[in-house]
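This report concerns only the one structure given below.
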Amino acid sequence: MNKTSNKFRHLVWPLVSLALLLLFNAIFTDNFFKIEIKKSDSAQEAVQTPVVKDELPAAAGEASEAAEAAVQAGEGAVQAAAQEAEAQAPAEQAAEQAPAKSDKGVSIFGYYLYGTPIDILNQGAKVMVLAIGMTLVIATGGIDISVGAVMAIAGAIAALLISLLDAGSCPGAGMGPNLYWIIPVAAALILSTLAGFWNGMLVAGFGIQPMVATLVLMVAGRGVAQLITDGQIITFDNPGLVFLCNGHALFLPFSVWIVVTMYVVAGLLTRKTAFGLFIESVGNNERASRYAGIEARRIKWLTYVICGFCAGVAGLLAASNIKCADSNNAGLYLELDAILATVIGGTSMAGGRFFLSGSLVGAILIQTLTTTMYMKNVSPAIVAVPKAMVVIIVCLLQSPVFRAKVLAIFASKAAKGGVQ
Amino acid sequence: MKKFKVPMRYVPISATILVFFIVYLIGIISFENFGSPKVFLDLFIDNAYLGIAAIGTALVILTGGIDLSVGSIIAFTSILIAKMISTGCNAVLAIVLALVIGILFGMLQGWLIHSFSLPPFLVTLAGMFFIRGCGFIVSEESIGIKNDPVFNFIQNDLTIKLGKGLNLRFIVILYIVVLITAIIFSQRTRAGRSIYAIGDNELAATLMGIPVGRTKIMTYTIAGFCSALAGVVYAIYLKAGNPLNCVGLEMDAIAAVVIGGTLLTGGVGYVFGSLFGVLVLGLIQTLIVFDGRINSWWTRIIVGLLVLAFIFMQNLITKISKSKSKAH
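Protein chains in written order, with the working numbering: chain A, 1 to 420; chain B, 1001 to 1328.
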């Protein structure tokens, strides 16, 4: 009994914060928990998309203009608009919105859930995926601040390839638009895994401090992404690629299932094999684990590779969400969100212990906070202020020094009370 | 062996200066007017704010910490000054207020980092979010500074005319003054030496009786001040404020410091190096502008590669000096 409570102790604070936030929403936000079941009639429409391809260039031009406007406003604003539209729409508007939404993707079974909590999960998927990789890296005592840039690279290569495939100037175009989206997805994942391999090489291979080593890719990565897209914002409309973040499967957004799959795989990998133990051991004391016969370098290297892969998935989700690859803004500051989610979840920045479940809760907490702000008509830019406060408060709560100081205050008060 | 030898600690900064001259030489060879004094002076004018910000970043990195709030503080101060002036406030008052906020903010960050031993990375990250959001609270849109007597005075009367159409603008003078002050501070004062001691080995510094806490908080305070001053310079330079400005500038500042030969783990390097780091960044940008064919994103890639090269060099030097100290 005691053992289980210890096992979930790291989840207490994030879950309490999340519960408080949800309670706040339950009281102050109308229809926050309202989840509707929508019928999707998109199956045919999605198939029709390639048919109307002749109109695509014009539409793409418009979209890129809009996207360029979005560069100024930041990706957050786009999300905010989307979320406000989705979340605050009253019932009759929601009915109007249904067809608009349905062209976003396919739904298996023809039904899906629709509501703010679902939206939070969908929008938070990127950070959740990132947090999985980041947790493993931080557990080895490292950090990867290049994930945002890697996301941009992944989105860029995917968008470039899909545009080439749409134009038919790339091998594999013969598979047809319902299948060939696999190529850009695979390319993006391979490239981002390579980026992770590069980070791992610098950190584990050459022994450079993680923060410094990943700084290189953080600085250069967006340049590489712009190089890939030639500085353009490439929009796309391929049903397969759009499905990733806008489609639904088994009643939930498809991105949620991606997160679940990755979480389960990562969980099995780290808790059912010795890998997780090795990671913690390396994070605790690298030299000691090397003497104990653990290939510390290889373990560290592998965590960066996994982190790169996760960044690639997140990059695909981000690009799929707004149907374009924006090298400047894709994943901007998301490395911070990922680190934040990890730290909120109880993983120590010093390494040695990690909690994948905690990181997921942390990511959901961040997204809930963000969505709550949007629903309260707070400008997306200002959302940063409360977010920053939450970071500091959570860090303080987890800081042993802070705890000791607070305890000392209580203790001295108690002592004074005792004297009186 | 009476061979001329650069001491190990001067190797990185010598490399920086070498890189600077190589890039400059490439520019002169490739383009006709690249060597003109105007281009060189523009380098300072365009990068004065980055240079001032890099000074604060350099000091923080020397203590072994990091400051990610630089770009956001610049954006915040510039928009605050623009907003206050547009509402009819005195410009001097606005500038002073902006500087005070920068100092207080830096102090707060330093206090959080030291008193609760929180990672500097996380605290300044939160600071970055916070102050950027505050900038948007001040104004969500860009505000121009028009016909302000103080700004006009700075622009017109505080400029040293060198003849031939060359003007040493106030922001350049300010940058050089701040740079020299910072160099003297870091090399010739007790507090400055403490920064090096802490960056090299915090525990040892504590045991030696160096006021670690005070010095660290002071360094972050200076960094906050430098960022705020950079914001003021930015407002003077652009005659406008925009809360969206300088996103990711902290990375440029860090890159400039690294290229300037400072070890990112702290304790090794010179504030002076940040000047050449900034100039190298500026030169690369100027080169790309001159060329016109190369796209601007090459800047980021080249800067990334340069950072990588310097990191490798530092790594090598650290290893060599370690093996030497073991041999003794």
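From the three backbone atoms N, C-alpha and C, an ideal C-beta is built for every residue, glycine too.
Legend entry - Range of the contiguous beta strand (DSSP E) that encloses Ile1357 of chain B: This structure leaves residue 1357 of chain B out entirely; chain B is present only between 1001 and 1328.
Inset, instruction - List the residues that DSSP assigns as beta-bridge partners of Glu1141 of chain B. - result: Translated into the one-based positions of the second sequence, residue 1141 of chain B becomes position 141. Glu1141 of chain B is not bridged to any residue.
Inset, instruction - Establish whether the CB of Arg1293 of chain B and some CB of chain A are separated by less than 7 Å. - result: Taking the second sequence and counting its residues from 1, one reaches residue 1293 of chain B at position 293. Residue-level contact by beta carbon fails for Arg1293 of chain B and chain A, as no gap is shorter than 7 Å.
Legend entry - Proximal residues, the segment 221-244 of chain A versus chain B, C-beta separation under 7 Å: Contact residues of the segment 221-244 of chain A toward chain B are Arg222, Gly223, Val224, Gln226, Leu227 and Gly231 (C-beta to C-beta distance below 7 Å).
Inset, instruction - Determine whether the Cβ of Ile190 of chain A lies closer than 7 Å to any Cβ atom of chain B. - result: Locating residue 190 of chain A in the first sequence gives position 190, counting from the first residue. Not closer than 7 Å to any Cβ of chain B, the Cβ of Ile190 of chain A fails to qualify, so no.
Inset, instruction - Tell me, to the nearest whole angstrom, how far the beta carbon of Ile1137 of chain B is from that of Thr1262 of chain B; I am working on the premise that it is less than 8 Å. - result: Along the second sequence, read from residue 1 onward, the residue named residue 1137 of chain B stands at position 137. Along the second sequence, read from residue 1 onward, the residue named residue 1262 of chain B stands at position 262. Not confirmed; about 34 Å, so no contact.
Inset, instruction - Evaluate contact between the segment 1103-1122 of chain B and the segment 321-334 of chain A, counting only Cβ atoms and requiring at least three cross-stretch pairs below 8 Å. - result: Contact between the segment 1103-1122 of chain B and the segment 321-334 of chain A is absent, because fewer than three Cβ pairs lie under 8 Å.
Legend entry - Same chain, Cβ closer than 7 Å to Ile1131 of chain B, neighbours up to 5 away in sequence not counted: Mapped onto the second sequence, residue 1131 of chain B falls at position 131. Only Ser1069, Ser1072, Ile1073, Phe1076 and Phe1105 meet the Cβ criterion.
Legend entry - Best match in A:Thr140, A:Ser357 and A:Tyr180 for proximity to Ala158 of chain A [C-alpha to C-alpha]: By one-based count along the first sequence, residue 158 of chain A stands at place 158. Taking only the C-alpha atoms, the option nearest Ala158 of chain A is A:Tyr180.
Inset, instruction - Return the Cβ separation of Ala1182 of chain B and Thr1215 of chain B in integer angstroms, given the expectation that the two are a contact with Cβ distance under 8 Å. - result: What you label residue 1182 of chain B is simply residue 182 of the second sequence in a count that begins at 1. What you label residue 1215 of chain B is simply residue 215 of the second sequence in a count that begins at 1. Between Thr1215 of chain B and Ala1182 of chain B the Cβ distance is about 15 Å, and since that is not below 8 Å, they are no contact.
Legend entry - C-alpha distance - Ser289 of chain A paired with Ser412 of chain A, whole-angstrom precision: As a position in the first sequence, residue 289 of chain A is number 289, starting the count at 1. As a position in the first sequence, residue 412 of chain A is number 412, starting the count at 1. Ser289 of chain A and Ser412 of chain A: Cα-Cα distance of roughly 42 Å.
Inset, instruction - Mind checking who Cys324 of chain A pairs with in its DSSP beta bridge? - result: Within the first sequence, numbered from 1, the residue matching residue 324 of chain A stands at position 324. Beta-bridge pairing links Cys324 of chain A to A:Thr235.
Legend entry - Three-state secondary structure assigned by DSSP to Lys126 of chain A: For this step, residue 126 of chain A is matched to residue 126 along the first sequence. It is helical.
Inset, instruction - Examine the Cβ distances between the segment 209-223 of chain A and the segment 1292-1308 of chain B and report whether three or more of them are shorter than 8 Å. - result: When C-beta atoms of the segment 209-223 of chain A are compared with those of the segment 1292-1308 of chain B, three or more pairs fall below 8 Å, so the two segments count as touching.
Inset, instruction - For Asn246 of chain A, count neighbouring C-beta atoms within 10 Å of its own C-beta (all shown protein chains included) and say buried if the count is 16 or more, exposed if not. - result: Taking the first residue of the first sequence as 1, we reach residue 246 of chain A at position 246. Asn246 of chain A comes out buried.
Inset, instruction - Find out if the Cβ-Cβ distance for the pair Leu316 of chain A, Ala156 of chain A is shorter than 7 Å. - result: Translated into positions along the first sequence, residue 316 of chain A becomes position 316. Translated into positions along the first sequence, residue 156 of chain A becomes position 156. With a cutoff of 7 Å on beta-carbon distance, Leu316 of chain A and Ala156 of chain A are scored as not near each other.
Inset, instruction - Give the residues of chain A in contact with Ile1134 of chain B, contact being defined as C-beta atoms less than 7 Å apart. - result: The residue you call residue 1134 of chain B lines up with position 134 of the second sequence. Reading off the sequence shown, one finds Cys at residue 1134 of chain B, where the question assumed Ile. Residues of chain A whose Cβ lies closer than 7 Å to the Cβ of Cys1134 of chain B are, in chain order, Val385.
Legend entry - Residues near Ile1210 of chain B by beta carbon distance below 8 Å, same chain, minus five either side: The residue you call residue 1210 of chain B lines up with position 210 of the second sequence. The answer, listed in chain order, is Ser1194, Ala1197 and Ile1198.
Legend entry - Helix, strand or coil at Leu1168 of chain B [DSSP, three-state]: The residue labelled residue 1168 of chain B in the question sits at position 168 within the second sequence. Annotated three-state conformation of Leu1168 of chain B is strand, per DSSP.
Inset, instruction - Residues of the segment 1220-1254 of chain B with a CB closer than 9 Å to any CB of chain A: list them in chain order, please. - result: Of all residues in the segment 1220-1254 of chain B, Pro1243, Leu1244, Val1247, Gly1248, Met1251, Asp1252 and Ile1254 have a Cβ within less than 9 Å of some Cβ in chain A.
Inset, instruction - Between the Cα of Tyr1024 of chain B and those of B:Ile1317, B:Asn1295, B:Ile1288 and B:Ile1294, spot the shortest distance and give me the residue it belongs to. - result: Numbered from 1 along the second sequence, position 24 holds the residue referred to as residue 1024 of chain B. The residue with the shortest Cα to Cα distance from Tyr1024 of chain B is B:Ile1288.
Legend entry - Limits of the alpha helix (DSSP H) - the one that Thr1057 of chain B falls within: Taking the first residue of the second sequence as position 1, residue 1057 of chain B is located at position 57. Thr1057 of chain B -> alpha helix (DSSP H) spans Pro1037 to Leu1062.
Inset, instruction - Could you tell me which residues DSSP pairs with Lys38 of chain A in its beta bridges? - result: Locating residue 38 of chain A in the first sequence gives position 38, where the first residue counts as 1. Answer is A:Tyr112.
Legend entry - Through-space distance from Ile1055 of chain B to Ala1223 of chain B, alpha-carbon basis: One-based indexing of the second sequence puts residue 1223 of chain B at position 223. One-based indexing of the second sequence puts residue 1055 of chain B at position 55. When only Cα atoms are considered, Ala1223 of chain B and Ile1055 of chain B end up about 8 Å apart.
Legend entry - Chain-order list of residues whose beta-carbon lies under 8 Å from that of Gln44 of chain A (same chain, five-residue window excluded): On the first sequence, position 44 is the one that residue 44 of chain A refers to. For Gln44 of chain A, the predicted model reports a pLDDT of 38, less than 50, meaning its position is unreliable and no value from the coordinates is stated.
Inset, instruction - Report the rounded CA-to-CA distance for Phe1153 of chain B versus Phe1290 of chain B, giving the unit in angstroms. - result: In the second sequence, the residue the question calls residue 1153 of chain B occupies position 153. In the second sequence, the residue the question calls residue 1290 of chain B occupies position 290. In this structure, the straight-line span from the alpha carbon of Phe1153 of chain B to that of Phe1290 of chain B is close to 32 Å.
Legend entry - Of the listed residues B:Ser1086, B:Ile1079 and B:Thr1087, nearest to Leu1099 of chain B (C-alpha basis): The residue labelled residue 1099 of chain B in the question sits at position 99 within the second sequence. Among B:Ser1086, B:Ile1079 and B:Thr1087, the Cα nearest to that of Leu1099 of chain B is on B:Ile1079.
Inset, instruction - Find the residues of chain B that neighbour Gln209 of chain A, judging by a C-beta separation of less than 7 Å, and give them in chain order. - result: The residue given as residue 209 of chain A occupies position 209 in the first sequence. Within chain B, the residues near Gln209 of chain A are Leu1264 and Thr1265.
Inset, instruction - Compare the beta carbon distance of Ser1085 of chain B and Asp1046 of chain B with 7 Å and say whether it is the shorter of the two. - result: Position 85 of the second sequence, counted from the start, is the residue given in the question as residue 1085 of chain B. Position 46 of the second sequence, counted from the start, is the residue given in the question as residue 1046 of chain B. Here the sequence assigns Ile to residue 1085 of chain B, which means Ser is not the residue at that position. Contact: no.
Inset, instruction - Assign Lys38 of chain A to buried or exposed, taking buried as 16 or more other Cβ atoms, counted over all protein chains shown, within 10 Å of its Cβ. - result: Translated into the one-based positions of the first sequence, residue 38 of chain A becomes position 38. By the 10 Å Cβ count, Lys38 of chain A comes out buried.
Inset, instruction - Assign Ser1014 of chain B to one of two classes, buried (16 or more other C-beta atoms within 10 Å of its C-beta) or exposed (fewer than that). - result: The count along the second sequence starts at 1 and reaches residue 1014 of chain B at position 14. The residue is exposed, with fewer than 16 neighbouring Cβ atoms inside 10 Å.
Legend entry - Residues that DSSP places opposite Phe251 of chain A in a beta bridge: Taking the first residue of the first sequence as 1, we reach residue 251 of chain A at position 251. Answer is A:Tyr112, bridged to Phe251 of chain A.
Legend entry - Reference Ala1094 of chain B; option with closest CA among B:Val1268, B:Ser1274, B:Ala1228 and B:Ser1323: Start at 1 with the first residue of the second sequence, and residue 1094 of chain B comes out as number 94. Minimum Cα distance to Ala1094 of chain B is reached at B:Ala1228.
Inset, instruction - Examine chain B for any beta-carbon lying closer than 7 Å to the beta-carbon of Ser412 of chain A, and answer yes or no. - result: As a working note, residue 412 of chain A is residue 412 in the first sequence. Chain B, which has no Cβ nearer than 7 Å to the Cβ of Ser412 of chain A, makes this no.
Inset, instruction - Compare the C-alpha of Trp1298 of chain B against each of B:Ser1139, B:Gln1285, B:Leu1316 and B:Phe1151 and name the closest. - result: By one-based count along the second sequence, residue 1298 of chain B stands at place 298. In terms of Cα proximity to Trp1298 of chain B, the closest of B:Ser1139, B:Gln1285, B:Leu1316 and B:Phe1151 is B:Gln1285.
Legend entry - Opposing strand residues paired with Gly1241 of chain B [DSSP bridges]: On the second sequence, position 241 is the one that residue 1241 of chain B refers to. B:Ile1143, per the DSSP bridge assignment.
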